[in-house]
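Residue numbers (the working numbering): -15 to 302.
Ideal placement from N, C-alpha and C gives every residue a C-beta, glycine not left out.
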């Protein structure tokens, strides 16, 4: 359903809505199926508060005025600086079966970001079509893609929903829609894994809007210049962020004491080690290391945890 952008209003009142786009000092607020072009009250600038895409707001609709006014910004459940968005309900962490090959420590950094923000998480393995005909001995890349898919499922399947996406044959999208139903979801992952392809399958009207720009600028089919929040389903409120960011994450935003809370494997074992301040590195009586030795948790996940902990420790030396 195409949304109706209202510039001129004929009735006064206050409405609640969601900021779906901010550009050139204007904020576009979706309330129902209508979108209102708004300015923010001056008090926000005085208090150094900037509205973000994803913010839940109250707007005042002023009769015979081109623009409405944002009068209140509701408390955010989370917010991010790069890109500047708020109230993410779910992160779809995207990796590829191949081209580029998945790098587990990179995926783990995105997962820590999502855990810290207290969002739901789904792992999307894109380019699963590359694993077709993996049984063919001559198809080395197909075998490698299939092997990578199995590693990803084994590593993350016990922790999060894992969805295999085949954009060529258009499979996996219905499952992904079920997982993100009713949520505001953001795609996160390194460059080249196909986030734009997934986005354009979920919201084809976004591809139409960016296609003309792409042909002119030669920057690819989907080049995001600003953050925008698209509606996938009006009835259940499913929305997805189209952003120019979420391609990297600075783990130093976490600290030593809280990092263990952002790995489900270690969080599930809090309070079960011999020492209450155990950080699961080399302490005796560590239940996490015992679980590792018993193959109850992934070696690559544990190595990522140790690597991030060392990184945080090194940062405190300077």
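query                                                                                                                    : result
Under 9 Å between C-beta atoms of residue 68 and residue 105                                                             : no
Nonlocal neighbours in the same chain, by C-beta distance under 7 Å from residue 192, ignoring five residues either side : At residue 192, the pLDDT of 40 sits below 50, so the modelled position is not reliable and the matter cannot be decided from this model.
Outcome for residue 125 when other beta-carbon atoms lying within 10 angstroms are tallied against a minimum of 16       : exposed
Cβ pair count under 8 Å reaching 3, the region 53 to 67 against the region 215 to 229                                    : yes
C-alpha distance - residue 107 paired with residue 167, whole-angstrom precision                                         : 15 Å
Cα-Cα separation, residue 90 to residue 44                                                                               : 44 Å
Beta bridge counterpart(s) of residue 11 as assigned by DSSP                                                             : 6, 22
Contacting residues, own chain, Cβ-Cβ under 6 Å from residue 10 (five flanking each side not counted)                    : 21
Residues that DSSP places opposite residue 189 in a beta bridge                                                          : Residue 189 pairs with nothing; no bridge assigned.
Closest residue to residue 239 among 160, 271, 298, 224 (Cα-Cα distance)                                                 : 298
For residue 132, the three-state DSSP class (helix, strand or coil)                                                      : helix
Sequence-distant residues of the same chain with beta carbon closer than 6 Å to residue 175, five excluded per side      : 231
Spatial distance of residue 206 from residue 296 (CA atoms)                                                              : Confidence in residue 206 is poor, its pLDDT being 46 and thus under 50, which makes the residue's placement unreliable; the coordinate value appears in the next sentence. Distance between the alpha carbons of residue 206 and residue 296: 35 Å.
Spatial distance of residue 81 from residue 109 (CA atoms)                                                               : 6 Å
Range of the contiguous alpha helix (DSSP H) that encloses residue 97                                                    : 88 to 100
Residue 140 versus residue 15 - alpha carbon distance                                                                    : 37 Å
Residue -1 to residue 17 span [Cα, whole Å]                                                                              : 12 Å
Residue burial classification, residue 33 (beta-carbon count within 10 angstroms, cutoff 16)                             : exposed
Supposed close pair residue 300, residue 220 - CB separation, criterion 8 Å                                              : Actually they do not touch by this definition, with Cβ atoms about 45 Å apart.
Residue range of the alpha helix (DSSP H) that includes residue 261                                                      : Neither: residue 261 is in no alpha helix (DSSP H) and is coded neither H nor E.
Option nearest residue 37 by Cα separation, candidates 83, 273, 60                                                       : 60
Cβ distance (whole Å) where residue 268 is taken to contact residue 258 below 8 Å                                        : 6 Å
Residue 73 classed as buried or exposed, judged by whether at least 16 other C-beta atoms fall within 10 angstroms       : buried
Sequence-distant residues of its chain with Cβ nearer than 8 Å to residue 293 (five each side left out)                  : 240, 243, 263, 265
DSSP bridge partner residues for residue 155 (one or two, in chain order)                                                : 150
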